[in-house]
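Going down the list, the sequences are from chains V and W.
Counting in our numbering, the first sequence runs from 21 upward without gaps.
Counting in our numbering, the second sequence runs from 997 upward without gaps.
Every residue, glycine too, gets a C-beta built ideally from N, C-alpha and C.
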Amino acid sequence: MQRDRIHLGLYLAGVLGATLIHAPAWLAAGLALVLLLSGRDAASLLRRAVLTVLAFNTLISLSYLGMAWWQDAFTQAPSPWLTLLRLNLRVLLLTCLTFLFIARTNLFQALDFSKSLTYVLGLAYSQTLTFSRAHDDFRLALASRSLTRPSLIDRYRASAAAISWFIEKSLHAATQSSQALRSRGFFHD
Amino acid sequence: MTELRYRIIKPAPAQDAAPMLEVVGISHRYGAAEILRDIGFAIRPGEKVVLLGCNGSGKSTLLKILNGLIAPTAGQFHFQGEEITPLRLKAPALHRRFRSEVALLFQNPDAMLFNPSVFDEIAFGPRQMGLPNLDDRVRHWADLVGVSQHLARPPFSLSGGEKQKVCLAALLALEPKVLLLDEPTAALDPRSTGWLVDFLGGLDITTLTTTHNLSLAPELGSRALVLGEDHSLIHDGPIQALLTDMNLLAAANLVHTHRHRHGNIEHRHTHVHDWQ
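What follows is the structure, given as structure tokens:
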């Protein structure tokens, strides 16, 4: 229990540090430290983190480069490349740090000093489990019904249907959860 | 195209026929959690089998293994004598044959629906197969399951029972040899449940249906497989024999006991209540 709280404190300090530090060299050193701490899981942790941020960071980076080119910012200081490096390193560091924290820490024990936070964590955790199972079912159902590799349009449609279902279920679950909490006297408004 | 022949008495599947599905010593784990323990059975062509077990006993996982979607941690699964694994299904010819001949109806029909209209949903499989007379084929199955009036509508706008029917039509449009059904009555009202029982009974194909509804089980098949709380197969035999074995049903957590009052007398005994 004490160990989980220490992990939580270190994680929050790490997040704060990664936000305040701007030098790419220090951000890279922080990333190296996180990977070192993850030991044998370093390669899979880095792979998962890269895959998680790849689409978002690529979109942001390309948009930023396009804007810098449009504003002729490559001839001015600081270089847009430096900003891009800083941004991507920071996001990757925070993602790796979060994955390592979740893997090594019992969140329920880390947050057991606060009844409210434990409630919120419990709700989030149960929703995550439910949605994780549902996500697997959507993925497997498409695989089960596909005699050939699904076309891009089929995958797009399947993703859209899944996202629509998740949004609808999230809204329903959020309403149910808030009603259940209100019923149990959690809210005092 | 498969014809539906409604019969009161169905001929028993030939006992000496080669198995359609054969499961040999299958075990499965998710991390530290045991899901299935050393499961073995064979299902012959035309058999209607019911897979019973309490929540969390591993029924859905077993169906996904039998549909080649997940690989068991140990053991083997054969379809018509050929071993099926996700790896082997990467071979296009086997993948195409297996996916067209073994269909899985997921418990949540929403997971299966993604096409812009009910017509496209039913046509999805036959289009991939390049089957002729697509329009006639779609209308035939839509008529049989009773959704022909919804063909132009998006499937997402339908009720739970109608979605289930669309999913069934979409799977049956490929005329599979085996239909795996995961709790198909879980989201249905009583009228739709009755319709489904009649419909499945009239299909001349091999079915394996999961349920934890004991009152419905004899309507869905004549043979029962029961998964116990320890995730092993604790019964494989006629369903009527199972329904009279209260000790076995209690061991599988398929029946319950509670207090009863009859006037001034109170007692406890085992019960099979009808519920979804």
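Look at the alpha carbon of residue i and the alpha carbon of residue j, and state the distance between them as a whole number of angstroms.
i          : j          : result
W:Cys-1163 : W:Gly-1156 : 11 Å
W:Glu-1225 : W:Arg-1033 : 10 Å
W:Thr-1069 : W:His-1136 : 41 Å
W:Ser-1144 : W:Ser-1228 : 42 Å
V:Ser-198  : W:Cys-1050 : 30 Å
V:Asn-126  : V:Asp-156  : 24 Å
W:Asn-1249 : W:Val-1174 : 28 Å
W:Pro-1105 : W:Gln-1160 : 6 Å
W:Ala-1237 : W:His-1258 : 29 Å
V:Leu-112  : V:Pro-44   : 12 Å
W:Leu-1083 : V:Ser-64   : 22 Å
W:Ala-1213 : W:Arg-1255 : 26 Å
W:Gln-1124 : W:Gly-1197 : 28 Å
W:Leu-1239 : W:Ala-1220 : 10 Å
V:Phe-76   : V:Leu-28   : 27 Å
V:Leu-104  : V:Thr-78   : 10 Å
W:Ile-1061 : V:Thr-195  : 35 Å
W:Asp-1139 : W:Gly-1021 : 41 Å
W:Asn-1243 : W:His-1252 : 11 Å
Taking buried to mean at least 16 other C-beta atoms within 10 Å of its own C-beta, is residue i buried or exposed?
i          : result
V:His-42   : exposed
W:Ala-1089 : exposed
W:Pro-1234 : exposed
W:Asn-1063 : buried
W:Lys-1044 : buried
V:Ala-178  : buried
V:Val-70   : exposed
W:Ala-1119 : buried
W:Ile-1261 : exposed
W:Lys-1055 : buried
W:Gly-1027 : exposed
V:Leu-51   : buried
V:Trp-185  : buried
V:Met-87   : exposed
W:Leu-1204 : buried
Which residue from the options puts its Cα closest to that of residue i?
i          : options                                           : result
W:Leu-1275 : W:Leu-1047, W:Phe-1195, W:Val-1143 and W:Ala-1070 : There is no way to answer for residue 1275 of chain W, as the model of chain W reaches only from 997 to 1272.
V:Gln-147  : V:Ala-193, V:Ala-49 and V:Ala-200                 : V:Ala-193
W:Glu-1018 : W:Glu-1043, W:Phe-1075, W:Glu-1030 and W:Ile-1061 : W:Phe-1075
V:Ile-187  : V:Ala-62, V:Leu-40, V:Leu-28 and V:Ala-154        : V:Ala-154
V:Leu-160  : V:Leu-51, V:Ala-182 and V:Tyr-145                 : V:Ala-182
W:Leu-1216 : W:Asp-1185, W:Leu-1192 and W:His-1231             : W:Leu-1192
W:Asp-1200 : W:Gly-1042, W:Ala-1138, W:Ala-1013 and W:Ala-1099 : W:Gly-1042
W:Ala-1099 : V:Ala-163, V:Arg-175, V:Arg-60 and V:Ala-52       : V:Ala-163
V:Ile-26   : V:Ala-130, V:Leu-66 and V:Phe-94                  : V:Ala-130
V:Asp-61   : V:Cys-116, V:Phe-151 and V:Ser-136                : V:Cys-116
W:Leu-1130 : W:Arg-1219, W:Leu-1170, W:Ala-1087 and W:Ile-1080 : W:Leu-1170
V:Ser-171  : W:Gly-1077, W:Phe-1110 and W:Pro-1172             : W:Phe-1110
W:Arg-1095 : W:Gly-1121, W:Gly-1071, W:Phe-1073 and W:Ala-1247 : W:Gly-1121
Please tell me whether residue i has its Cβ less than 8 Å away from any Cβ of chain W.
i         : result
V:Phe-158 : yes
V:Gln-196 : no
V:Arg-177 : yes
V:Leu-82  : no
V:Ala-181 : yes
V:Ser-166 : yes
V:Ser-152 : no
V:Ala-161 : yes
V:Ser-184 : yes
Between residue i and chain V, is the shortest Cβ-Cβ distance under 8 Å, so that the two count as touching?
i          : result
W:Leu-1062 : no
W:Phe-1075 : no
W:Arg-1149 : no
W:Leu-1109 : yes
W:Phe-1120 : yes
W:Arg-1001 : Unreliable placement is indicated for W:Arg-1001, whose pLDDT of 39 sits below 50; the coordinate value is still reported in the next sentence. No, W:Arg-1001 does not count as interfacial toward chain V.
W:Asp-1106 : yes
W:Ser-1096 : yes
W:Leu-1175 : no
W:Arg-1255 : no
W:Phe-1115 : no
W:Gln-1124 : yes
W:Leu-1065 : yes
W:Leu-1100 : yes
W:Phe-1152 : yes
W:Arg-1025 : no
W:Arg-1092 : yes
Looking only at its chain, what residues have a beta carbon closer than 7 Å to the beta carbon of residue i, apart from the 5 residues adjacent to it on each side?
i          : result
V:Arg-68   : Phe-119
W:His-1146 : Val-1114, Leu-1154 and Glu-1158
W:Leu-1127 : Arg-1133
W:Pro-1150 : Pro-1112 and Ser-1113
V:Phe-151  : Phe-186
Taking 6 Å as the limit between beta carbons, can you name the residues of its chain near residue i, skipping five residues before and five after?
i          : result
W:Ser-1188 : Gly-1157
W:His-1108 : Residue 1108 of chain W is actually Met in this sequence, not His. Here the set comprises Phe-1102 and Cys-1163.
In chain order, what residues of the same chain have a beta carbon less than 8 Å from the beta carbon of residue i, not counting five sequence neighbours either side?
i          : result
W:Ile-1031 : His-1024, Arg-1025, Gly-1054, Thr-1057 and His-1227
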